[in-house]
Amino acid sequence: METIFDHNITEDEIKSIFISNFTIEEAKEFISDFNKDEHMALIAKLYALRKDFKKAEEYINKIEDEEFRRDRQFMINTTYRMPPGLIA
Numbered sequence: 014m015e016t017i018f019d020h021n022i023t024e025d026e027i028k029s030i031f032i033s034n035f036t037i038e039e040a041k042e043f044i045s046d047f048n049k050d051e052h053m054a055l056i057a058k059l060y061a062l063r064k065d066f067k068k069a070e071e072y073i074n075k076i077e078d079e080e081f082r083r084d085r086q087f088m089i090n091t092t093y094r095m096p097p098g099l100i101a
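Residue 83 in my numbering sits at position 70 of the sequence shown; the count goes up by one each step and never skips.
Pasting the structure below:
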């Protein structure tokens, strides 16, 4: 199954995505039980963090659970696309 580790994630990106001081190995263990939709959401979040919104949208669209997909899309839009100075 495709994961964030197939996308050359850095330790700094891991810290941003998980809001923790996970090592790469700890992050791999943390996500080991994630389902496909959760993995697609993490990959989308990674690309949003990198400001590659086209690629993020590509992975959001791979999420099968419609409610979860909408929730993740909202999170990306409000967290990564919000204009500077605007508070969520």
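We treat Cβ as the ideally placed atom computed from N, Cα and C, and that holds for glycine.
7 Å CB neighbourhood of residue i in its chain, flanking five on each side removed
i, result
"A57", "A69, Y72, I73, R85, I89"
"L59", "I17, H20, I22, E26, I30"
"A61", "A69, I89, Y93"
Three-state class that DSSP yields for residue i in the structure shown
i, result
"H52", "helix"
"F31", "helix"
"D78", "coil"
"F18", "helix"
"D84", "helix"
"K64", "coil"
8 Å contact criterion, which residue i and residue j should meet: CB distance rounded
i, j, result
"T16", "I37", "No, T16 and I37 are not in contact; Cβ-Cβ is about 12 Å, not under 8 Å."
"F81", "D46", "The pair is not a contact, with the Cβ atoms about 16 Å apart (cut-off 8 Å)."
Residue burial classification, residue i (beta-carbon count within 10 angstroms, cutoff 16)
i, result
"M14", "exposed"
"I32", "exposed"
Same chain only: Cβ atoms within 8 Å of residue i, ignoring 5 sequence neighbours per side
i, result
"F35", "I27, K28, F43"
Residues of its chain near residue i, where Cβ-Cβ distance is below 6 Å and the 5 sequence neighbours each way are ignored
i, result
"M53", "Y72, K75, I76"
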